[in-house]
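Structure record follows, encoded as structure tokens.
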Amino acid sequence: MPEVQPARTDGFAAVMSERLGGPLGRYADVVRDFWSPARVILAVTTLTYLVGMVFRLPCRVTVAGQSPDAFRMLCYSDIGLLYGDRGLLQGNTPYLDSGGYQVLEYPVLTGWFLELERRITVGLGAPSGAGLSAQQAVDATLRFVDVNQVLLGALLLVAVWAQVHTSVGRPWDAMMVAASPMVAAASLVNWDLLAVALTATGMLAWSRRRPGLAGVLLGLGMAAKLYPVFLLGPLLLLCLRSGRMRAYGVLLVGFVVSWLVVNLPVLVLAPDAWLSFWTFNADRAGDFGSIWYVFSLAGHPVPQLNLVSGGLFALACVLIGLLVLLAPRRPRLGAVAFLVVAAFLMTNKVYSPQYVLWLLPFVVLARPRWRDWWVFTFGEIVYFVAIWWHLGGELSPGDGGDDRVYWCAVVLRLATEGWIVALVVRDALRPDRDPVRALRLAQGPSADDPTGGVLDGAPDASWRARLKVPA
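Here the sequence shown is numbered in our numbering, starting from 1 and rising by one per residue.
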């Protein structure tokens with residue numbers, strides 16, 4: 001498939017291209033022998049990530065007793081804090097060891113990733129164990145943070161590399177991930193890049209018609225964070241509509257096997273620790289970033305929140321399912337994946353600042369338009385600033401009243417996400433408005449689903465054709 005040039009197909013990219021020297025010319029291949037789209041985008045990713053590292057320097061504690069105001073300076077991270085608070089600094093293995101600290105409240109593969117980082121940290125000479133002095137604890141934590149910066153940066157490069165190659169013929173779309181301010185802001189808040197990289201490579205494997213490998217990678221992704229499991233529903237319905245159920249079966253087997261291989265040892269050896277992630281999330285009330293938290297702050301907590309939140313997500317999934325089955329043309333995988341992940345995050349009981357990294361790659365797959373990227377980015381930046389200043393008390397009014405600025409930031413973020421949702425739904429109902437499908441390439445017909453793998457170009461199954469849904 002010919003490569004799509006954003007400078008010729010996207011208004012924002014065209015304007016920026018003119019200011020930077022114009023679109024690619026006929027002799028551009030001479031330069032591109034080295035500076036391929038992948039290399040350019042990975043270089044931009046590296047710069048973006050380095051900006052995020054520099055941004056966090058004010059929160060870098062090097063001497064015992066330092067206490068930077070991480071909320072006010074917007075550089076808070078769980079990484080250093082949880083190293084001590086979850087027993088890693090003392091030399092304990094997540095889940096399998098216990099003591100006077102809280103069990104790690106993350107899925108098992110994230111815990112194993114932290115254990116790997118702990119061992120690397122100790123192998124590099126960091127002190128470990130009980131009875132450390134305050135300065136020794138600071139030195140060890142600093143080394144652990146540095147190990148994380150290297151490994152999480154590598155995972156980010158893997159995720160962006162996969163994004164470059166997932167949408168066949170559209171490598172430059174990945175620049176919207178590589179250059180995102182949210183990558184700089186959120187990559188080092190927590191360990192979400194592990195799941196993001198596994199999910200991105202799973203999507204790449206599916207797009208290359210390797211459903212077994214895709215299932216393995218997505219199963220590992222769920223073993224690191226919950227959200228990759230939500231992709232199974234859209235894939236089931238898309239495969240059902242296109243008669244590709246054998247590929248889905250292979251995907252499902254790979255998913256289940258890989259998830260079990262990671263989880264079974266902990267489930268057998270430390271079942272209570274394994275359950276901690278599930279009970280922690282089931283027991284929590286409406287938390288930071290959610291509309292339910294805003295209702296609670298406003299004095300109107302929602303009763304039976306698990307039922308309400310779960311019910312709304314289930315309703316959204318039903319509506320997405322109807323869209324997949326009844327739309328005049330089978331929706332693209334990237335678009336439907338975005339819808340289901342967005343539905344989960346918009347109805348969930350919490351929206352941590354790093355969750356933007358879950359959604360950003362799917363925004364790019366669903367609506368590869370810089371205008372929509374700017375809308376999404378604006379809402380996320382406003383929310384990122386607001387959550388930390390809310391926690392630090394920077395937004396509290398002088399009279400001690402409610403922090404309504406934070407409320408507005410949550411609503412704004414939901415509105416910008418909802419804007420993208422509305423556009424994606426419209427694209428499914430009006431394929432001529434889909435920025436991927438509406439583009440007619442010079443050497444062929446309009447694209448069907450560059451991310452779809454076995455779904456790309458597949459006709460509807462006979463049962464769907466008999467429905468005779470009007471276009």
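Quick reminder that beta carbons are idealized off the backbone N, C-alpha and C, glycines included.
Short CB-CB distance (under 9 Å) between residue i and chain B
i	result
residue 82	No chain B appears in the structure shown, which is made up of a single protein chain.
Contacts around residue i, its chain only, beta-carbon distance under 7 Å, and the 5 residues preceding and following it disregarded
i	result
residue 78	189, 190
residue 42	157, 160, 161
residue 175	41, 44
residue 236	248
residue 489	Any property of residue 489 remains undetermined from this structure, which presents the chain solely from 1 to 471.
residue 20	With a pLDDT of only 47 at residue 20, under the threshold of 50, the placement of this residue in the model should not be trusted, and no figure is reported.
residue 435	367, 368, 369
Beta-carbon proximity list for residue i, same chain, < 6 Å, skipping 5 on both sides
i	result
residue 162	200, 201, 204
residue 228	199, 218, 221, 222
residue 104	86, 94, 111
residue 383	409, 413
residue 430	none
residue 366	334, 335, 338, 424
residue 438	432
residue 250	211, 212
residue 126	140, 143
residue 386	406, 409
residue 30	Because the pLDDT at residue 30 is just 49, under 50, the model does not fix this residue reliably, and the value given afterwards should be weighed accordingly. Excluding sequence neighbours, residue 30 sits near nothing in its chain.
residue 262	108, 109, 223
residue 354	186, 189, 190, 192
Residue i vs residue j beta-carbon contact at 9 Å
i	j	result
residue 146	residue 333	no
residue 207	residue 168	yes
residue 55	residue 154	no
residue 140	residue 152	no
residue 498	residue 362	Since the first residue shown for the chain is 1 and the last is 471, residue 498 is missing from the structure and cannot be characterised.
residue 340	residue 234	yes
residue 72	residue 392	yes
residue 118	residue 83	yes
residue 348	residue 313	yes
residue 183	residue 48	yes
residue 38	residue 164	yes
Whole-angstrom distance between residue j and residue i, CA atom to CA atom
i	j	result
residue 357	residue 70	21 Å
residue 64	residue 89	15 Å
residue 316	residue 85	37 Å
residue 405	residue 298	12 Å
residue 62	residue 142	7 Å
residue 230	residue 399	44 Å
residue 326	residue 458	16 Å
residue 293	residue 454	41 Å
residue 286	residue 308	11 Å
residue 138	residue 238	51 Å
residue 467	residue 322	13 Å
residue 51	residue 389	21 Å
residue 456	residue 419	26 Å
residue 360	residue 415	16 Å
residue 266	residue 396	43 Å
residue 275	residue 269	12 Å
residue 304	residue 350	15 Å
residue 97	residue 115	12 Å
residue 252	residue 57	43 Å
residue 149	residue 328	46 Å
residue 166	residue 281	32 Å
Environment of residue i [buried if 16+ CB atoms lie within 10 Å]
i	result
residue 272	exposed
residue 36	exposed
residue 376	buried
residue 255	buried
residue 130	exposed
residue 369	buried
residue 289	buried
residue 257	exposed
residue 187	buried
residue 346	buried
residue 172	buried
residue 402	exposed
residue 283	exposed
residue 34	exposed
residue 81	exposed
Proximal residues to residue i (C-beta, below 8 Å), its chain only, five neighbours per side dropped
i	result
residue 462	243
residue 241	324, 325, 330, 460, 461, 464
residue 135	63, 64
residue 59	68, 70, 73, 75, 76, 77
residue 411	291, 294
heavy atom of the ligand COA below 8 Å from residue i C-beta
i	result
residue 307	The ligand COA is not among the ligands present in this structure, which contains no ligands whatsoever.
Report the start-end ranges of each alpha helix (DSSP H) in the region 404-466 that is 4 residues or longer and not cut off at the edges. Taking only runs of at least 4 residues, the alpha helix (DSSP H) segments lying wholly in the region 404-466 are 404-429, 462-465.
Mind pulling the beta strand (DSSP E) runs of 3 or more residues that sit fully within the region 54-79? Within the region 54-79, no complete beta strand (DSSP E) run reaches 3 residues.
Extract the residue ranges of the alpha helix (DSSP H) inside the region 188-221, only unbroken runs of 4 or more that lie entirely within it. The region 188-221 contains these whole alpha helix (DSSP H) runs: 193-207.
Output the residue ranges of the alpha helix (DSSP H) runs that lie fully inside the region 124-200 and measure 4 residues or longer, sorted by chain position. Here the runs fully enclosed are 134-166, 175-178, 181-186.
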